[in-house]
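Each remark here refers to the structure printed beneath this line.
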Amino acid sequence: MKNIAIFAGTLATCLLLARGPAAAQEETQAPALTVSLVEPAKEQWPETIPVSGWLKPWHEATIASETSGLRIKEVLVDVGSVVKKGDVLVRLDQASVLADLKKQEAAVETGKANLEKATSEAKRARDIASGVLSDQKRVEYFNTERTAQAALASEEAALEGQRIKVSQTTITAVDDGIITSRSASLGAVVSTGTELFRLTRQQRIEWQAEVPALSLLRVEPGQAAEIDAPDGRTFKGMVRLVAPTISDETGRAIVYVQLPEEPKPRAGLYVSGRIDITASKALTVPESSIVYRDGLAYVFVIDEESRAHRVRVKVGRRRSDRVEVSEGLAGGERVVQAGGAFLSENALVKIEEAAR
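All letters in the sequence shown, in the order written, are residues -24 to -1, 1 to 332 by mature numbering (1 follows the signal peptide of the UniProt record, and there is no 0).
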């Protein structure tokens, strides 16, 4: 068997030599890999500042009781309820305030009657000829009229206050938004200032990004921002406001980023993202073109003879599936799109498609 194998190998060699030197070279230098080629693209890429921060309500409104000593009769909304400005949220028991209202209405009627009487007496005092009434009596009638006028004004003011108390038994939304917190409980007796609900105004959520002090001078309102949510979604935003102060504990300042109404991110998340500062030119290749060996980055460039050459590069910014090459390429090269990890220097490759 050994002799047969030796004979077969010898025969194959003879056949190869019979085909000539060119055939032998072609046989020994078959393409190592079939590859697709790309040409580095010149693009305008924004320079970004990586930051992190909390997603919080744009503005939060506190809805509280303006009266005291009344029992909650109805609770009409719960956490998560979307409300419009003026929608009824809570009704308080009106029995006692309605009774006080009727009592005050009666007091106003009494004041009107007293004023009518005092006015009539003062009119007679003015009409009666001088000398019939003493000056002291005449002044007394006039003073009684003025006192009755003041008393009626006081009772009418008290009536208006009582009507306000009646209106305060119906607690309404101060703005459009969504209820994020509820403290109101059916049957509870409220006090003035008792918090009943918290409302995220306009349902607007913003990103409060913490920006290092060294980068703060480059951030301005109107710049674009991008947020990476934990569920994989990406939110686009715009810088609304830059805080005027820097924390003496963290050395960072808050940058308020306005987010779109849809899709709505969830408040309370701590997320990372980027703020776009300025746009600059970038020479980019697909991320799959980069080969890392011994901590260094390389790409494989294909020459006119379809041979691969390893070129060391320095990478910079990343966006989506592309990487900026800041050093190593000039543009116009034919770069292996993927599979460079399987190539070696001067390897012969088969080109799947023309460079683009």
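We treat Cβ as the ideally placed atom computed from N, Cα and C, and that holds for glycine.
Quiz item: Going straight from the alpha carbon of Glu321 to that of Tyr274, what length do you get?
Solution: 12 Å
Quiz item: In this structure, does DSSP put Lys(-23) in helix, strand or coil?
Solution: Note that Lys(-23) has pLDDT 37, beneath the 50 cutoff, so the model's placement of it is unreliable and no number is given.
Quiz item: According to DSSP, is Ser282 helix, strand or coil?
Solution: coil
Practice problem: State the start and end residues of the unbroken beta strand (DSSP E) segment that holds Asp252. | Solution: Tyr246 to Pro262
Quiz item: By DSSP, does Ser72 sit in helix, in strand, or in coil?
Solution: helix
Exercise. Work out the CA separation of Leu319 and Gln1 for me, nearest whole Å.
Key: With a pLDDT of 45 at Gln1, under the threshold of 50, the modelled position of this residue cannot be trusted, and the question is left open.
Exercise. Could you round the C-beta distance between Pro196 and Gly249 to whole angstroms and report it? I think they count as a contact, below 8 Å.
Key: Looking at the sequence provided, one finds Glu at residue 196 rather than Pro. Their Cβ separation, rounded to whole angstroms, is 17 Å, which puts Glu196 and Gly249 out of contact at 8 Å.
Self-check item: Segment contact, 8 Å Cβ cut-off, at least three pairs: the stretch 85 to 104 with the stretch 139 to 151
Solution: no
Quiz item: Anyone know if the C-beta pair for Gly304 and Val325 falls short of 8 Å?
Solution: no
Exercise. Under 8 Å by Cβ, that's how I've got Val291 and Val301 pegged, so tell me the actual separation to the nearest angstrom.
Key: 6 Å
Quiz item: Are the beta-carbon atoms of Asp204 and Gln138 separated by less than 8 Å?
Solution: no
Quiz prompt | the stretch 91 to 106 touching the stretch 124 to 131, judged by at least three CB pairs closer than 8 Å | solution = yes
Quiz item: Count the other CB atoms within 10 Å of the CB of Pro26; is the residue buried (16 or more) or exposed (fewer)?
Solution: exposed
Exercise. Please list, in chain order, all residues of the same chain as Glu328 whose beta carbon is under 7 Å from its beta carbon, the five residues on each side excluded.
Key: Thr10, Val11 and Ser12
Quiz item: How about Leu135 and Val55: are their beta carbons less than 8 Å apart?
Solution: no
Quiz item: What are the complete beta strand (DSSP E) segments, minimum 3 residues, inside the stretch 293 to 324?
Solution: 298 to 303
Quiz item: Mind checking whether Leu31 and Gly244 have CB atoms under 8 Å apart?
Solution: yes
Quiz prompt | For Thr210, three-class secondary structure by DSSP | solution = strand
Quiz item: With a CB to CB cut of under 6 Å and the five nearest residues on each side skipped, what residues in its chain are close to Glu42?
Solution: Gln144
Quiz item: Are at least three pairs of beta-carbons, each pair with one atom in the stretch 156 to 173 and one in the stretch 186 to 200, less than 8 Å apart?
Solution: no
Exercise. Return the first residue and the last residue of the alpha helix (DSSP H) that Gln138 is part of.
Key: Asp111 to Ser143
Practice problem: Count the C-beta pairs between the stretch 258 to 270 and the stretch 15 to 24 that are closer than 8 Å, then say yes if the count reaches three, no if not. | Solution: yes
Practice problem: Would you mind working out which of Leu272, Ala129, Ala160 and Ser223 sits nearest Leu68, comparing C-alpha positions? | Solution: Ala160
Quiz prompt | Between the CA atoms of Glu182 and Gln199 - distance to the nearest angstrom | solution = 14 Å
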